[in-house]
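Structure record follows, encoded as C-alpha cells.
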C-alpha cells in the first residue's frame, strides 16, 4: 500500500448536506416543474427571489442575496452539478467542521458572492453605462459551491479528485484550476456570458476571507486565553520556574 494521495471512493451524505439538497431540489421542482407550467413562462419567483442588483439597490429587495442561492434554472444539469458539489465536497467539510459551522460557511460564501456581484455590477454600470448586469437575474448555488471547493482544496489539499469526472488531480490544484478558468472566462466575456462567473469568484473570495479571519480570530482567542491563564499561575505560585516549552496551542486551520 502506498503512502501517496488518497482518493475518496465512498462519500456518506451528512445531515446538513442532506437538508440543503432536499431544500434545493424541492424548490427547483416547485419553481420549474409546477409554477412554470402554470404561468407558461419563466416563473415570477425568479424576479422576486433571484438576485437582481437593481432590485436590491433601488427597490430594497434585501432578501435576494439569501434566496437566490436556492433557485436554479430549468436546466436539470444546473441543479445536478451544484448538488453534486454540495454532496461530494460538503459532506467531508461538514464531517470535519460540524453541521453548524458548515452551514454558516455555506451561507457566507453564497451571500458574499451576491454582495460582490452587486457591487461590481454597479461599478461596471457607473463606468460603462451598461445597465444590463443590474437587471439580469442571477440564480443558483454556484457561489456557495465554489466556496466549498475552495475550502476543500485548502483543508484536504492532498486528496485526489476527478477533474471533469475523468482526470485525477490533487484537490488544491483542482480548486486552483477552477478559479483560473472562472477568472479567464470573466476577463474574456465580462458580464456578457450567460454564466455569472463573477458570482463564482465571489464565492471563492468570500470563503477565503471568512476562513482567513476566522482562523486569525480563533488563534488570537486561544493565545489570549493561554496568556491570561499563565498570569494567574504566576500570581499564585511565586518564583516558579517558567515553562521551557515554547510550543503554542494548536488551533483550527
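In the working numbering, the protein residues as written are 676 to 928.
C-beta atoms are modelled at their ideal positions from N, C-alpha and C, and glycine is treated no differently.
Asked	Found
Minimum length 4: unbroken alpha helix (DSSP H) runs contained in the segment 687 to 714	690 to 703, 711 to 714
Distance between residue 892 and residue 747 (C-alpha atoms, nearest Å)	35 Å
Any beta strand (DSSP E) of 3 or more consecutive residues that is wholly inside the segment 716 to 774	none
Chain-order list of residues whose beta-carbon lies under 6 Å from that of residue 876 (same chain, five-residue window excluded)	857
Residue span of the alpha helix (DSSP H) that contains residue 660, given as start and end	This structure leaves residue 660 out entirely; the chain is present only between 676 and 928.
8 Å Cβ cutoff met for residue 698 and residue 764	no
Sequence-distant residues of its chain with Cβ nearer than 6 Å to residue 781 (five each side left out)	819
Contacts around residue 925, its chain only, beta-carbon distance under 7 Å, and the 5 residues preceding and following it disregarded	Here residue 925 scores only 32 on pLDDT, less than 50, and its place in the model is too uncertain to base an answer on.
Reduced DSSP secondary structure (H/G/I, E/B, other) of residue 777	helix
Stretch-stretch touch, CB-based, cutoff 8 Å, three pairs: the segment 775 to 791 with the segment 882 to 891	yes
For residue 770 and residue 869, the rounded distance between their alpha carbons	34 Å
Nearest neighbour of residue 792, chosen from 708, 802, 808, 783 [CA to CA]	808
Selection from 703, 872, 838, 834 that minimises the alpha carbon distance to residue 754	703
Of the residues 867, 688, 728, the one placed nearest residue 774, counting alpha carbons only	688
Residue 797 (DSSP reduced to helix, strand or coil)	helix
Residues of its chain near residue 836, where Cβ-Cβ distance is below 6 Å and the 5 sequence neighbours each way are ignored	846, 849
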